[in-house]
Structure formats: structure tokens, C-alpha cells
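Below: the structure, in C-alpha cells.
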Amino acid sequence: MTLAGVLTLVLVATLPRVARAGRARAWMVPLWLLGVLALGLTYVRGAWLGFALGAAGCALVLRRRALVLTTLAVVVAAALVAEPGVLHRVRTIGDFNDDTARDRLAMLDTGLRLARTHPLTGVGPGGVKQLYPVWASPEALRRSTSHLHNTPLQIVVERGVPGLAAWIAIWVAFFAASARTLSRIPAGDEDARALVLGSMAAIAAFLIAGLFEYNFGDTEVLLVAVALMTFPFIVQRDLDEAAAGVRGVHTM
């Protein structure tokens with residue numbers, strides 16, 4: 001889970017830069033594709049989905065979208081042919097008879113019941129581990145767990161609705177600030193655009209994957225996500241400094 005989460009963030013964040021790599025940086029492409037193959041072999045379907053949607057979002061706004069999408073399709077097809085286990089994992093996505101899917105649905109049911117019982121304060125950090133054995137639905141395959149494999153659900157169960165609202169506000173503020181920075185980047189500054197776009201797409205992938213895994217509680221993954229969140233603000237600082245320099249020249 002941790003490896004898949006880190007790979008998803010890094011691969012999506014670097015995609016805009018890899019997509020515009022010229023001959024001098026052509027070495028980046030095979031290494032990036034090797035990373036995609038490694039992600040496929042983690043067998044973590046939630047991370048696959050987060051990566052796919054994050055990469056697709058990048059491809060939609062990149063000038064080389066056809067090349068990006070074609071390359072991804074080739075890598076995915078190769079992984080499916082080379083490793084039957086990957087194909088099996090893909091086929092069982094959405095299969096409610098799959099043991100993993102059944103267990104996740106049981107966690108969802110248990111989590112919603114806990115959230116309804118403690119809507120304001122939640123059950124407290126670490127409360128899921130203590131209460132799940134008692135509250136687990138009869139369909140649950142696991143009778144004990146420390147988290148519910150769903151980040152928003154885990155937040156609302158342990159911190160209540162106010163905690164969930166604060167958590168959502170973090171991401172709304174991030175994407176709003178990043179979008180403003182992206183709109184300020186002058187035409188031709190592709191490096192800055194790649195940093196901001198990659199950061200936004202990677203965090204979107206992180207949040208999507210978090211619907212199937214409590215990645216907000218995975219320290220290694222969260223550290224990478226938080227580091228990537230700084231990129232738009234670094235670019236914003238550079239834009240502000242450049243604008244201040246231009247104003248200083250005009251006033252001399």
C-alpha cells in the first residue's frame with residue numbers, strides 16, 4: 001500500500017515534465033515507464049485508479065496528450081499480458097463477490113453507523129481499532145482493524161463532521177490557490193506550469209486513492225503529498241518576486 005501510494009504521487013507529479021522531455025532528457029521516459037510498471041505490480045487497485053485519473057487529467061491539458069495516453073495504454077497492456085495476477089485484479093474491480101470488496105463494504109457500513117452515533121466529536125483518534133471488533137457487521141471478514149480503508153470515512157468517524165469539514169477545507173484551499181497560481185504563469189514558462197499542474201494532479205490522485213485506502217494515515221505517503229503541495233506556493237513566490245522586480249524597475 002505504501003509503495004503504491006508513493007509511486008502514484010511521484011509518477012503523476014512528474015508526468016507533465018516527462019511529457020515535454022526533449023532529447024536532452026529522453027532518459028526520463030523509460031525510467032518513468034518502469035515506475036508505472038512497478039505500480040502495476042503492487043496489485044493495489046485503489047492506487048491504480050488514482051494514478052489513471054490523475055494521469056488522464058494531466059494528459060487532457062498537455063500538448064502531447066495523444067502521446068501520453070498511447071504510451072500509458074501500451075504499458076498497461078504489457079503489464080496485463082506479462083502478469084496474469086494483474087489482469088485478475090483488474091477483472092475483480094467492482095466485483096462485489098470479491099472478498100476484498102465484501103470486506104470494504106462491511107467497513108463502510110460499520111463506519112457509517114459509528115459516524116451517525118458520534119457525529120460531532122467522533123470516536124476519537126484510534127477509536128476505530130478499539131470499537132471495530134464490537135461494531136463490525138456480520139458480513140465483515142476481518143473482525144479487527146485500525147482503519148476503514150477510506151480516508152474521508154476514517155476522518156468523520158474519528159474526528160466527527162467538524163473534523164471532516166476542516167479536512168475538506170484544506171484541499172479546497174489548496175486547489176483554489178494552485179489554480180490562481182496556474183493562471184498567473186506567463187506563456188512559455190513550461191517548467192513552472194509543469195510543477196503546478198503535476199502537484200495538482202498528484203494530490204487529486206492521492207485523494208481518489210484515499211477513497212479505497214486510509215493514505216492520510218500512512219506517514220510515508222502523506223509526507224510525499226505534503227511536499228508536493230508546496231510546489232504551487234514556491235512558484236507563486238517566484239511570480240511575486242518577479243512582479244516586484246518589474247515594479248521596482250519601472251519606479252526607478
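First residue of the sequence shown: 1, per the working numbering; consecutive thereafter. Don't be surprised by glycine CBs; every beta carbon is placed ideally from N, CA and C.
In the three-state reduction of the DSSP assignment, PRO16 falls in the helix class, which pools H, G and I. A direct Cα-Cα distance of roughly 7 Å separates GLY126 from SER146.
Nearest to ALA56 by alpha-carbon distance, out of THR8, ARG25 and TYR214, is THR8. Here GLN130 is exposed. Its C-beta has fewer than 16 other C-beta atoms within 10 Å. Inter-residue distance for LEU39 and LEU207 is about 17 Å (C-alpha atoms, whole angstroms). Residue environment: LEU223 is assigned as exposed (fewer than 16 neighbouring CB atoms within 10 Å of its CB, all protein chains considered). Contact between ASN150 and LEU211 is confirmed by a C-beta separation of about 6 Å, below the 8 Å threshold. Spanning the alpha carbons of ASN215 and GLY245 requires a straight line of approximately 41 Å. DSSP places SER199 in the helix class (H, G or I) of the three-state scheme. Taken through DSSP and simplified to helix, strand or coil, ARG23 comes out as helix. The three-state reading of DSSP puts ALA140 in coil, since its state is none of H, G, I, E or B. In terms of Cα proximity to PRO162, the closest of GLY198, GLY124, PHE174 and THR219 is GLY124. Under the DSSP assignment, GLU213 falls outside any alpha helix (DSSP H); it carries neither an H nor an E label.
By the Cβ criterion, the stretch 217-233 is in contact with the stretch 186-203, since at least three pairs of Cβ atoms, one from each stretch, lie closer than 8 Å. Taking 7 Å as the cut-off, the Cβ atoms of VAL18 and ALA205 do not count as close. Spatial neighbours of CYS58 in its own chain (CB-CB distance under 8 Å, excluding positions within 5 residues in sequence) are listed in chain order as VAL12, LEU15, PRO16, ALA19, VAL68, LEU197, GLY198 and ALA201. In this structure the stretch 115-122 lies against the stretch 159-173, because at least three pairs of beta carbons, one per stretch, are closer than 8 Å.
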